[in-house]
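Residue numbers (the working numbering), protein chains in the order written: chain A, 1 to 697; chain B, 1001 to 1147. Using N, Cα and C, we set each Cβ at its ideal position, and we do this for glycine too.
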């Protein structure tokens, strides 16, 4: 049986159709911040329905962590904010009509940099926004009233000032990482239809239950009146999380009385959701022998015009930046900040990418100052089984050293570190979270109902293989219908590399239940409690840690700034591998995406306008951008639980490459490490051949 | 206007607007959904079809330009084409959205160059993007198909 992805028979959200359906197009703001004074749709033909503020005046606000979004924006808070929408019998007619809607704006002052936006006197994007009642995404949001800070996460462990006093050496540096675009090959797509008072949405989403809760809140109805069906996605990487264009499609469907399908044009993807740009200042102290004494992180996380899941990204970025180290004194201040840029949200790596870049580059600066090998400095301070992390939780099943050593060995780091760099990371899994699953015996096999959504990461295959092993049947005897909030048991969502582990454990419970019952049905549920206090960072950040390391070997052309990666290796702790090819694909895909973040990818803005919103000017890695050698390994342990690994090999790649550049005397602090930035570092090396990190006073 | 062409070995006629792309025409009315829109500017390869055996981006080509030509999508590859099977064996896909375009491009390459070097394969597939990052296995699949 050929896979439908090979035969071309695979169908995605964008392929969904209903008889009589119309197509949506959006009227987007050309200004980064402006009140809508008037909307003139008189030029639009009669066979088109236009949705304006009047049509949605009865609706509340939505948002997964802060209720700061309305279906139509007024004021528009970023270039591309949707201020009106149209539906027409064809997509071409809808697009033409959207272009004929004239909107007058009263432009307001705008701010595009998170530091400027957090400063006193900055124009405010959301003078008031209420915390969302959606299923908890983190354990609390802490907006700073009267500012653009929509969440402040703090982690306080020990006495950080005393820790710096105890240090023989203190190193401080600031880093920036650019916004990136998920660029799933399939754009966002959703089809909404009403059956009387009941809304049905067929969409590509990783978060069907969060979406259902948002829609129920928005339309003021019970959740049983909303049905979300999650079709397989042509890639997502975090882009298709929470409410994207579903609310607009639902409102257009309500007004037209027809099913309405919305599919984004490629350039609209850059206006829908990107990865958080971040500024991170790291200060770290150590004894002359190389024992870490204190670490302080200040993080400015640009969440764009709407909070989306920015608060929990800032939280996870904050604790990931501590790194997998024993540090007696830690302070983290991580702010999620509104700016007049398109919203930023979940992106493979979820804050760890930005944090690990800053934290692990600083480890190499510290090693240089201490005149200790970067490998030895890390080994000396790594967390081990039974150690307490800065959050207070005790670490179990710890394999950071195994990962780091494997990465170092793969590139021959100990033999000759020149042109080579290392990075090790810790990344949390969504905590708290719940997963439930149902198994039903049929005459030909089993039906497994699960809300784990397929986006190419292979969760359906993982569940099929785990199910076959538990049920003693062939994988082909297991049917896995698309996630459907009417018939799939509750799951927190398909994020944070949690599904093979969480849903797999729930499946084990369900099969046990099936065996105990005589009606051919089994139900299983697991819940992992936890979460961090947002004011102290104490608690349980993650019940299950993603652990990995990367090593890079590279050459630099000093004339052009071109970096040629000869060898890139990642080592990831897998616990127990369920689907070997699938797991390897996750490592390879993460590494290649990490390579894009390291060297190529940057969403560029001019006055809030994205200037490279196409796949020609925005550089995705292609087959000719691969390193000379791309290798990786999955570290397993007898008897271990499967560990999620959908993202682990991405965050360590940029710092491994940055540290390899540092070994050549090239000091990079901004992502991506474009040829221009590498050339600047070459110039700086020539001006001051031996660069030491600034010692803080 | 009426466009007549040879689509996957069958002579077909369809009504196309003068400004309609071949991609839109092929997908229209529940048609060939293996031909997929992504970039809209001919750089990603997700909408690749073979035009008289050569890979082209269906998003850049107007439907009337295909009149009288032979258009092949992944559904129309010969049964004995080794590339689809090799993609399956190598598990050279994740979400599968770009896969038909990859397969068509690789199939065309192998017809012209039955034993390409790795460099030639990477070059030939340089216009097909895979955001899932399956390139190592895609290159492996093409190697298998060529063996």
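Quick one: Cα of residue 127 of chain A to Cα of residue 532 of chain A, how far? One C-alpha to the other measures close to 26 Å.
Assuming the contact rule is C-beta atoms closer than 8 Å, residue 1106 of chain B and residue 1144 of chain B should be a hit. Round their C-beta distance to whole Å, please. Separation of the CB atoms of residue 1106 of chain B and residue 1144 of chain B is rounded to 11 Å, and the pair is thereby denied contact status at 8 Å.
In the DSSP output, which residue or residues are listed as bridge partners for residue 1048 of chain B? DSSP output for residue 1048 of chain B lists B:1057 as bridge partner(s).
Close Cβ partners of residue 628 of chain A (< 8 Å) along its chain, the five nearest in sequence each way excluded: Closer than 8 Å at Cβ, skipping near neighbours: 564, 565, 566, 567.
Nearest CA to the CA of residue 278 of chain A: which residue from A:573, A:114, A:60? Ranking the options by Cα distance to residue 278 of chain A, first place goes to A:114.
Spatial neighbours of residue 1016 of chain B within its chain, please: C-beta separation below 7 Å, excluding the five flanking residues on both sides. Non-local beta-carbon contacts of residue 1016 of chain B in its own chain, meaning distances under 7 Å to residues more than five positions away in sequence, involve 1001, 1003, 1025, 1063, 1064 in chain order.
On the criterion of 16 or more Cβ atoms from any shown chain inside 10 Å, does residue 460 of chain A qualify as buried, or is it exposed? If you draw a 10 Å sphere on the C-beta of residue 460 of chain A, you find 16 or more other C-beta atoms in it, and that means buried.
Considering only the alpha carbon of each residue, which of A:276, A:244, A:544 lies closest to residue 264 of chain A? Selected option, being the one with the closest Cα: A:244.
Step through the CB atoms of chain A and report whether any lies within less than 7 Å of the CB of residue 1079 of chain B. Interface with chain A (7 Å Cβ-Cβ cutoff): residue 1079 of chain B is excluded.
For chain B, find out if any of its Cβ atoms is closer than 7 Å to the Cβ of residue 186 of chain A; answer yes or no. It does: the Cβ of residue 186 of chain A has a partner Cβ on chain B nearer than 7 Å.
Please classify residue 700 of chain A: does DSSP put it in a helix, a strand, or coil? No answer is possible for residue 700 of chain A: the residues shown for chain A start at 1 and end at 697.
Return the CA-CA distance between residue 436 of chain A and residue 101 of chain A, expressed in angstroms with no decimal places. One C-alpha to the other measures close to 46 Å.
Enumerate in chain order the residues of its own chain whose CB-to-CB distance from residue 612 of chain A is below 6 Å, with the five nearest sequence positions on each side excluded. If we look at residue 612 of chain A and ignore the five residues flanking it on each side, its Cβ neighbours are 604, 618.
Starting from the beta carbon of residue 1139 of chain B, find every residue of chain A whose beta carbon is closer than 9 Å, and list them in chain order. Residues of chain A whose Cβ lies closer than 9 Å to the Cβ of residue 1139 of chain B are, in chain order, 623, 626.
By DSSP, does residue 285 of chain A sit in helix, in strand, or in coil? Residue 285 of chain A falls in the strand class under three-state DSSP.
is_contact[residue 1116 of chain B, chain A] using C-beta, thresh 7 Å: No, because no Cβ of chain A sits closer than 7 Å to the Cβ of residue 1116 of chain B.
With a cut-off of 7 Å, does the C-beta of residue 8 of chain A fall near any C-beta of chain B? Closer than 7 Å to some Cβ of chain B, the Cβ of residue 8 of chain A qualifies, so yes.
Go ahead and pull the three-state DSSP assignment for residue 299 of chain A. Strand.
My understanding is that residue 282 of chain A touches residue 297 of chain A, with C-beta atoms under 8 Å, so please give their C-beta distance in whole angstroms. Rounded to whole angstroms, the Cβ separation of residue 282 of chain A and residue 297 of chain A is 6 Å, and the two are in contact under 8 Å.
Hey, how far is the Cα of residue 103 of chain A from the Cα of residue 340 of chain A? Each residue's Cα considered, the two are about 19 Å apart.
State yes or no: is the beta carbon of residue 3 of chain A nearer than 7 Å to at least one beta carbon in chain B? Yes, its Cβ sits closer than 7 Å to a Cβ of chain B.
With DSSP run on the structure shown, which of helix, strand or coil describes residue 1079 of chain B? Note: residue 1079 of chain B maps to coil in three-state DSSP.
Do you know how far the Cα of residue 321 of chain A is from the Cα of residue 655 of chain A? Answer to the nearest angstrom: the Cα atoms are 12 Å apart.
Residue 319 of chain A and residue 155 of chain A closer than 7 Å at C-beta: The answer is yes: Cβ separation under 7 Å.
Against chain B, with Cβ distances strictly below 7 Å, would residue 502 of chain A count as a contact? It does not: the Cβ of residue 502 of chain A has no partner Cβ on chain B nearer than 7 Å.
My parser needs the beta strand (DSSP E) runs of 3 or more residues fully inside the stretch 156-214 of chain A; what are they? Taking only runs of at least 3 residues, the beta strand (DSSP E) segments lying wholly in the stretch 156-214 of chain A are 169-177, 189-195, 198-203.
Within-7 Å CB hit, residue 1096 of chain B to chain A: Chain A, which has a Cβ nearer than 7 Å to the Cβ of residue 1096 of chain B, makes this yes.
Residue 271 of chain A: first and last residue of the uninterrupted alpha helix (DSSP H) it sits in: It spans 266-272 - the alpha helix (DSSP H) in which residue 271 of chain A sits, taken as one unbroken run.
Positions along the stretch 450-475 of chain A whose CB lies within less than 9 Å of some CB in chain B: Answer in chain order: 454, 455, 456, 457, 458.
Of all the beta strand (DSSP E) runs that stay within the bounds of the stretch 238-269 of chain A, which reach a length of 3 or more residues? Listed in chain order, they are 260-263.
For the stretch 568-598 of chain A, list every residue whose C-beta sits within 7 Å of some C-beta in chain B, in sequence order. If the cut-off is 7 Å between Cβ atoms, the stretch 568-598 of chain A has 581, 585, 588, 589, 592, 593 near chain B.
Counting along the chain, where does the beta strand (DSSP E) carrying residue 635 of chain A start and finish? Where residue 635 of chain A is concerned, the enclosing beta strand (DSSP E) starts and stops at 629-636.
Taking just the CA atoms, how far does residue 668 of chain A sit from residue 681 of chain A? When rounded, the distance between both Cα atoms is 7 Å.
Interface positions of the stretch 56-78 of chain A facing chain B (Cβ-Cβ less than 9 Å), listed along the chain: With the criterion set as a beta carbon lying under 9 Å from some beta carbon of chain B, the stretch 56-78 of chain A has no members that meet it.
Segment limits, beta strand (DSSP E) that includes residue 433 of chain A: Start and end: 433-442.
Starting from residue 462 of chain A, trace the beta strand (DSSP E) in both directions and tell me its first and last residue. No beta strand (DSSP E) holds residue 462 of chain A; the alpha helix (DSSP H) holding it covers 459-471.
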